[in-house]
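All letters in the sequence shown, in the order written, are residues 1161 to 1558 by my numbering.
Reviewing the structure listed below.
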Amino acid sequence: MSIALVVNSGSSSLKYQLLDASTGQMLASGLVERIGEERAVTTHRVGDEKFRSEQPILDHGAAFAVMMGSFLTHGPDINAHSPKVVGHRVVHGGRRFVGPTRIDDQVERDIDDLVPLAPLHNPANLAGIRVARAVFADVPHVAVFDTAFHTSLSDASSLYAIDAETARKHRVRKYGAHGTSHKYVAARAAEYLHRPIEDLKLLVLHIGNGASLCAVEGGRSIETSMGMTPLEGLVMGTRSGDLDPAVLFHLSRQAGLGIDELDTFLNRRSGLLGLTGSNDMRDVESRAEDGDQVARGALDIYIHRLRHYIGAYLALLGGADAIIFTAGVGENSQLVRAESLEGMEWLGIEIDPERNAERSDEERRISTDSSKIEVLVIPTNEELEIARQSFEAIGVEA
Ligand code: ADP
């Protein structure tokens, strides 16, 4: 068995999964939430069983100890299934990290050097790495970066039209995100289509709470909708996506909002949440179905932005072999899939309404047999991709 422990350490949470990278079989997964609080919540899953507990967890070290305790109490025995590698999700790798990287002290320093570009995420990722390296001291650790897949973007795609010297000095450019998911889904799509990825033009729509598109040509990312940070692009659960930057000047002057308030406003109180009061697409859809005009209006804005990007990316790619939906909304919302591609028969896109309406966790085609561009739904699996890339980085076949 090729067992990996995958760790995703956030500012107040620790997500983990123990899995077999060769088969994709998940042995256990868990989430420690509200780290730093007196009533932190731990959920540990093994098979169909779920164990929940509450206790004070003051830092990531304590969260890791609770995770190890959960393995001990509820299984599986982590010594019997000891991981051969620990894979860490790291949000920002800048331009320095173009692929999965085995972690040593210098890599830790380099991730630390990128903190100004991801001030909330990279410190939390580093906290998880430091604790995990202490606990699993004899096991190799690998960092898998959300940005790595997009280091193939051209300057034309990733440079903003601002003073070049200022941009260079402060490392302002598009880095993108969700790269692990986009890469995984693009590779799965090629397998599904029985075609080499080198020959394919793919448009991947990762639409969850966070959302981004990626144009993939020959297996390389050539354009993506998140920017220097994950705020740019599509309308998301709580993020605004694109807006005129002058909105910030206006709100600062007229509403008296400071920089940190504007950051919170656009990242945490906008998107579907700002428009409707809920960031959950299920709520918004069911309210719209019941005739709620506010919810319907929000969906219209959401879909309009998606269609705008789909058109733009098809132009950049010069057509596509397949459009692929993934993540919470993409995998589950037939409404968003149908409306975002509606009326595009002239482009060679034909959705089959019955296939689109089918509920399934499987990889599937939702376009008609005669559609020139295939439309697929492919469930993402970032943990499996991190596990596989971690084995790749240590030179061991999973
Ligand atoms: P994250 O970006 O946090 O990983 P997910 O990929 O899990 O998010 O996606 C979460 C989103 O998926 C939520 O907005 C949720 O409402 C949406 N979603 C889940 N199931 C459905 C469904 N059946 N119909 C519509 N939206 C759904």
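Where a beta carbon is used, it is the ideal one built from N, C-alpha and C, also for glycine.
| Query | Result |
| --- | --- |
| By how many angstroms is the C-alpha of residue 1558 removed from the C-alpha of residue 1105? | The structure shown does not extend to residue 1105, since the chain is modelled only from 1161 to 1558, so the question has no answer here. |
| Should the segment 1385-1399 be regarded as contacting the segment 1353-1361, the criterion being three or more beta carbon pairs within less than 8 angstroms? | no |
| I need the DSSP call for residue 1185, collapsed to helix, strand or coil. | coil |
| Considering only residues of the segment 1340-1382, which uninterrupted beta strand (DSSP E) runs meet the minimum length of 3 residues and lie entirely inside it, listed in chain order? | 1361-1367, 1371-1377 |
| Looking at the strands, I want to know which residues DSSP matches up with residue 1527. | 1511 |
| Would you kindly report the start and end of the unbroken alpha helix (DSSP H) that includes residue 1500? | 1494-1500 |
| Can you give the Cα-Cα distance for residue 1445 and residue 1453, rounded to whole angstroms? | 11 angstroms |
| Is residue 1276 helix, strand or coil by DSSP? | helix |
| Can you tell me the Cα-Cα spacing of residue 1502 and residue 1496, whole angstroms? | 10 angstroms |
| Figure out for me which residue from 1243, 1239, 1274 has the closest Cα to the Cα of residue 1256. | 1274 |
| Does the Cβ of residue 1401 lie closer than 6 angstroms to at least one heavy atom of the ligand ADP? | no |
| Taking the C-alpha atoms as reference points, what is the distance between residue 1199 and residue 1548? | 34 angstroms |
| Use the C-beta contact count for residue 1260: other C-beta atoms within 10 angstroms, 16 or more gives buried, fewer gives exposed. | buried |
| For the ligand ADP, enumerate in chain order all residues having a CB closer than 6 angstroms to any of its heavy atoms. | 1368, 1369, 1370, 1397, 1440, 1441, 1442, 1445, 1487, 1488, 1489, 1492, 1493 |
| If you count every other CB in all the chains shown that lies within 10 Å of the CB of residue 1280, and 16 or more means buried, which is it? | exposed |
| In whole angstroms, give me the CA-to-CA distance for residue 1179 and residue 1321. | 44 angstroms |
| Tell me which residues share the same chain as residue 1288 and place their Cβ nearer than 7 angstroms to its Cβ, disregarding the 5 neighbours each side in the sequence. | 1167, 1169, 1174, 1220, 1248 |
| Only counting runs of 4 or more residues, tell me where the alpha helix (DSSP H) segments fall wholly within the segment 1382-1429, in order along the chain. | 1406-1415, 1419-1428 |
| CA-CA distance, residue 1380 and residue 1349? | 14 angstroms |
| Runs of 3 residues minimum, wholly inside the segment 1445-1485: which ones carry the beta strand (DSSP E) assignment? | none |
| What is the residue span of the beta strand (DSSP E) that residue 1249 lies within? | 1245-1250 |
| Can you give me the C-alpha to C-alpha distance between residue 1337 and residue 1423, rounded to a whole angstrom? | 18 angstroms |
| Alpha carbon to alpha carbon, what distance is there between residue 1292 and residue 1472? | 42 angstroms |
| Let me know if residue 1233 comes out buried or exposed under the rule of 16 or more other beta-carbons within 10 Å of its beta-carbon. | exposed |
| Which residue comes first and which comes last in the beta strand (DSSP E) that contains residue 1303? | 1301-1305 |
| Could you tell me whether the segment 1262-1274 touches the segment 1223-1233, where touching means 3 or more Cβ pairs closer than 8 angstroms? | no |
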